[in-house]
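For reference, the structure is listed below as structure tokens.
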Amino acid sequence: TRTFSLGLAGSFAGRIGSGMLPFMTPVFLQIGLGFSPFHAGLMMIPMVLGSMGMKRIVVQVVNRFGYRRVLVATTLGLSLVTLLFMTTALLGWYYVLPFVLFLQGMVNSTRFSSMNTLTLKDLPDNLASSGNSLLSMIMQLSMSIGVTIAGLLLGLFGSQHVSVDSGTTQAVFMYTWLSIALIIALPAFIFARVPNDTHQNVAISRRKRSAQ
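Residue numbering for the sequence shown follows UniProt numbering, beginning at 1 and increasing consecutively.
Laid out in structure tokens, this is it:
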């Protein structure tokens with residue numbers, strides 16, 4: 001189906017960008033800002049809490065605004081939150097970082113849930129299992145590619161100067177974060193092609209799905 005194709009393409013492209021964040025965030029906090037591994041790990045907790053907090057209301061959000069609006073908004077929003085995280089960190093506003101990471105977790109969770117349901121919602125029952133397996137494979141592959149690209153970007157901008165001085169190190173991370181924010185925003189072009197189904201986000205009956 002068209003929604004499966006768009007959802008699969010969007011999930012692949014979208015998770016490349018999202019897959020960079022769990023890798024880059026602790027690396028940036030430790031190398032770029034001088035956090036200890038323990039404190040860098042603690043900073044990931046708000047992201048998890050934000051992700052968990054959105055699980056209960058994602059369905060209502062999608063039913064209210066539709067897949068296209070939610071996916072485009074969360075994709076661009078995640079890119080902006082990534083830039084906000086970089087800016088507040090480089091300015092030394094460390095007390096703001098937990099709130100930014102909490103917001104990042106909320107946006108990312110909404111995006112993930114919307115991508116998953118968009119991909120699978122119109123598949124007939126006889127194709128649901130294979131479609132879910134393909135989606136799972138795409139998820140793992142794209143997030144692995146995301147970590148790889150993040151490492152390549154860091155190496156490209158850093159060359160051999162990552163540990164020379166704090167100014168150079170922060171500049172390296174700034175260019176890397178700007179590139180990541182751009183990569184995160186690109187899937188919005190894919191999600192913009194999703195049909196405007198604001199009033200069609202109801203579960204398809206099993207009989208109707210089986211007949212498709």
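Glycine residues also receive a C-beta, built at the ideal position from the N, C-alpha and C atoms.
Buried or exposed by the 16-neighbour rule on C-beta atoms within 10 Å, applied to residue i
i: Leu152; result: exposed
i: Ile60; result: One detail in the question is off: residue 60 reads as Gln in this sequence, not Ile. It is exposed - the Cβ of Gln60 has fewer than 16 other Cβ atoms within 10 Å.
i: Leu6; result: buried
i: Met137; result: exposed
i: residue 214; result: Residue numbering for the chain in the displayed model covers 1 to 212; residue 214 lies beyond these limits and cannot be assessed.
i: Pro195; result: exposed
i: Ser114; result: buried
i: Met52; result: exposed
i: Leu156; result: exposed
i: Gly18; result: Note on residue identity: the sequence assigns Ser, not Gly, to residue 18. Classification for Ser18: buried.
Residue i vs residue j beta-carbon contact at 8 Å
i: Leu118; j: Tyr67; result: yes
i: Pro26; j: Gly41; result: yes
i: Arg111; j: Thr148; result: no
i: Gly146; j: Ile16; result: yes
i: Leu78; j: Val107; result: yes
i: Pro46; j: Gly105; result: yes
i: Leu29; j: Phe35; result: yes
i: Ile171; j: Met20; result: According to the sequence as given, residue 171 is Ala; it is not Ile. Cβ atoms of Ala171 and Met20: not closer than 8 Å.
i: Ala192; j: Val48; result: no
i: Leu103; j: Gly50; result: yes
i: Phe23; j: Leu123; result: no
i: Thr169; j: Leu154; result: no
i: Ile174; j: Leu90; result: The sequence shown places Met at residue 174, not Ile. It is a contact, given that the beta carbons lie within the stated cut-off.
Integer Cβ distance of residue i from residue j, believed to fall under 8 Å
i: Val100; j: Val70; result: Their Cβ separation, rounded to whole angstroms, is 21 Å, which puts Val100 and Val70 out of contact at 8 Å.
i: Ala13; j: Leu127; result: At roughly 22 Å, the Cβ-Cβ gap does not stay under 8 Å, so Ala13 and Leu127 are not in contact.
Alpha helix (DSSP H) segment containing residue i, residue limits
i: Met143; result: Asp125 to Gly158
i: Gln30; result: That residue, Gln30, is in no alpha helix (DSSP H); it is neither H nor E in DSSP.
i: Tyr67; result: Tyr67 to Leu90
i: residue 215; result: No answer is possible for residue 215: the residues shown for the chain start at 1 and end at 212.
i: Ile190; result: Ala188 to Phe191
i: Pro37; result: Pro37 to Leu42
i: Ile196; result: Per the sequence presented here, residue 196 reads as Asn, with Ile not at that position. Run containing Asn196: none; DSSP gives neither H nor E here.
i: Thr117; result: Leu97 to Leu120
Touching by the beta-carbon criterion (3+ pairs, under 8 Å), the segment 84 to 98 and the segment 173 to 183: yes
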